[in-house]
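Data first, discussion second: the structure below is written as structure tokens.
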Amino acid sequence: MEVMICERFRYSSLSILSSPSARHHISLPFSSSVKLKPSSSYSVSCSLMETNNSKFTDFPFVSPAQKDLMLDLVSTLENRFHSQLLPCSLPPDVQYYQNHTATAQASLHIRPAHNNSPVDFVLGSWVHSELPTGGSLDITSLSAYLNNSTDAPNFVFEMIRSSPTMLVLILDLPPRKDLVLWADDLKTFYEDTQLDKHRQALEKLPEVQPYFSSSLYIRAVASPAAIMVRILTENGGVERMEEIIRDHLDPISKQVLGIWLDHCACAKRVVGEAERAYLKKRDGLIRNKTIEIDLGSSFPRLFGPEVANRVLEAIKDYFTVITLYSNYTQEREKRNENESDKS
Numbered sequence: 001m002e003v004m005i006c007e008r009f010r011y012s013s014l015s016i017l018s019s020p021s022a023r024h025h026i027s028l029p030f031s032s033s034v035k036l037k038p039s040s041s042y043s044v045s046c047s048l049m050e051t052n053n054s055k056f057t058d059f060p061f062v063s064p065a066q067k068d069l070m071l072d073l074v075s076t077l078e079n080r081f082h083s084q085l086l087p088c089s090l091p092p093d094v095q096y097y098q099n100h101t102a103t104a105q106a107s108l109h110i111r112p113a114h115n116n117s118p119v120d121f122v123l124g125s126w127v128h129s130e131l132p133t134g135g136s137l138d139i140t141s142l143s144a145y146l147n148n149s150t151d152a153p154n155f156v157f158e159m160i161r162s163s164p165t166m167l168v169l170i171l172d173l174p175p176r177k178d179l180v181l182w183a184d185d186l187k188t189f190y191e192d193t194q195l196d197k198h199r200q201a202l203e204k205l206p207e208v209q210p211y212f213s214s215s216l217y218i219r220a221v222a223s224p225a226a227i228m229v230r231i232l233t234e235n236g237g238v239e240r241m242e243e244i245i246r247d248h249l250d251p252i253s254k255q256v257l258g259i260w261l262d263h264c265a266c267a268k269r270v271v272g273e274a275e276r277a278y279l280k281k282r283d284g285l286i287r288n289k290t291i292e293i294d295l296g297s298s299f300p301r302l303f304g305p306e307v308a309n310r311v312l313e314a315i316k317d318y319f320t321v322i323t324l325y326s327n328y329t330q331e332r333e334k335r336n337e338n339e340s341d342k343s
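Under the working numbering, read the sequence shown as residues 1 to 343, first letter to last.
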């Protein structure tokens with residue numbers, strides 16, 4: 001979901017780390033607690049082995065369990081749509097970038113789809129930022145965006161780790177239509193798939209607490225079955241966090257992705273012209289808000305203006321759908337006005 005890209009850059013030493021429990025642990029860098037080792041439990045598609053994609057799938061700053069999960073999700077998604085996805089064509093300095101002091105590093109991976117695919121594009125990224133207070137902020141994310149040939153929800157997965165024992169998970173199939181006006185979508189995508197049971201199962205763990213974003217906008221665009229949780233393992237330490245990722249977050253995330261693939265992305269949907277126009281406008285509005293309000297202010301702070309402008313311009317090529325729609329609408333209105341004047 002476009003909005004979740006906004007959310008990841010709200011997590012700074014002044015926001016996600018504002019709770020006392022987070023501050024107690026942030027002084028310990030994650031890399032000092034867990035030594036990364038090669039993951040062995042995944043199988044990746046051939047596309048993941050391409051050179052232009054290697055930085056993204058390195059996931060160099062996260063734990064083995066988190067890396068395994070990310071690679072499994074990416075490979076499952078790309079293998080399912082393998083013939084429909086085009087290669088990532090972002091410039092090398094956008095696929096991997098850092099600030100001038102190398103205290104903030106990131107990788108961006110975007111694969112657009114062919115015109116006959118219901119997928120618009122798939123976006124993956126990781127961000128690593130060293131914090132002034134010590135420790136680091138590490139974010140890994142994977143999102144899949146559908147085009148207006150279908151009205152099915154998008155897919156969003158994001159893990160935000162601000163210390164070895166503190167993690168926020170955002171996992172959702174955000175709706176692209178108003179679920180009050182289109183109640184059938186609520187039943188089809190959320191009730192019939194029993195999507196909410198995964199959130200309920202996760203919240204039974206004593207270390208798991210609901211997470212409420214400080215942004216009302218982000219809460220407004222999430223689905224009623226969204227998984228937004230904060231996980232704290234102060235007593236069990238890093239080992240308990242790895243156990244939760246491996247035994248709980250891993251299977252739940254894969255099950256939710258499977259629901260999205262089978263019941264959303266690959267489901268046959270009949271979308272009329274009016275609905276297509278509505279979807280195009282709504283998708284574009286959300287994507288524009290992401291760039292203009294959130295990324296536009298956060299990227300320069302993390303990476304400096306030069307790097308930020310370079311990356312944002314690349315993202316705009318995929319996110320500014322509304323611009324095309326608005327231009328078309330304005331031209332059509334002008335033609336109608338001219339015809340009215342002539343008559």
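Virtual Cβ for every residue (Gly too), placed ideally from N, Cα, C.
Mind checking residue i: buried by the 16 CB within 10 Å criterion, or exposed?
i           : result
residue 158 : buried
residue 148 : buried
residue 297 : exposed
residue 219 : exposed
residue 200 : exposed
residue 180 : exposed
residue 290 : buried
residue 89  : exposed
residue 313 : exposed
residue 138 : buried
residue 207 : buried
residue 83  : exposed
residue 213 : buried
residue 134 : exposed
residue 190 : buried
residue 174 : buried
residue 265 : buried
residue 195 : buried
In chain order, what residues of the same chain lie with their CB nearer than 6 Å to the CB of residue i, ignoring the 5 residues before and after it?
i           : result
residue 168 : 160, 211, 230
residue 70  : 59, 140
residue 263 : 193
residue 127 : 106, 139
residue 114 : 84
residue 186 : 179
residue 209 : 230
Tell me which same chain residues have a C-beta within less than 7 Å of the C-beta of residue i, skipping the five on either side of it?
i           : result
residue 150 : 118, 269, 271
residue 226 : 172
residue 198 : 227, 252, 255, 256
residue 307 : 97, 99
residue 26  : At residue 26, the pLDDT of 32 sits below 50, so the modelled position is not reliable; the number obtained from the coordinates is stated separately. Closer than 7 Å at Cβ, skipping near neighbours: 17, 131, 133, 134, 135, 162, 163.
residue 349 : Missing from the structure shown is residue 349; the chain here goes from 1 to 343 and no further.
residue 55  : 95, 96, 107
residue 316 : 291
Which of the three DSSP states, helix, strand or coil, is assigned to residue i?
i           : result
residue 263 : helix
residue 152 : coil
residue 284 : helix
residue 292 : helix
residue 271 : coil
residue 140 : strand
residue 62  : coil
residue 102 : coil
residue 81  : coil
residue 124 : strand
residue 146 : strand
residue 90  : coil
residue 344 : For the chain, the structure presents residues 1 to 343; residue 344 sits outside this window and is missing.
residue 132 : coil
residue 112 : strand
residue 163 : strand
residue 107 : strand
For residue i and residue j, I'd like the C-alpha separation in whole angstroms.
i           : j           : result
residue 236 : residue 166 : 11 Å
residue 193 : residue 259 : 7 Å
residue 288 : residue 123 : 16 Å
residue 64  : residue 318 : 31 Å
residue 129 : residue 184 : 42 Å
residue 224 : residue 234 : 29 Å
residue 62  : residue 79  : 23 Å
residue 68  : residue 238 : 16 Å
residue 244 : residue 76  : 21 Å
residue 344 : residue 300 : This structure cannot settle anything about residue 344, because the visible part of the chain is limited to 1 through 343.
residue 248 : residue 277 : 39 Å
residue 222 : residue 232 : 23 Å
residue 267 : residue 295 : 32 Å
residue 91  : residue 205 : 43 Å
Tell me whether residue i counts as near the ligand FAD, meaning its Cβ is closer than 8 Å to at least one heavy atom of that ligand.
i           : result
residue 146 : Looking at this structure, you won't find the ligand FAD or any other ligand, since it has none at all.
Can you name, in chain order, every residue of its own chain whose Cβ lies under 8 Å from the Cβ of residue i, other than the five neighbours on each side?
i           : result
residue 73  : 142, 157, 253, 254, 257
residue 380 : The requested residue 380 does not occur in the structure, where the chain is confined to residues 1 to 343.
residue 104 : 98, 127, 128, 129, 130, 302, 303
residue 250 : 65, 68, 69, 72
residue 102 : none
Restricting to runs no shorter than 3 residues, where is the beta strand (DSSP E) found entirely within the segment 170-252? If one requires a minimum length of 3 residues, the beta strand (DSSP E) runs lying completely within the segment 170-252 are 208-210, 227-232, in chain order.
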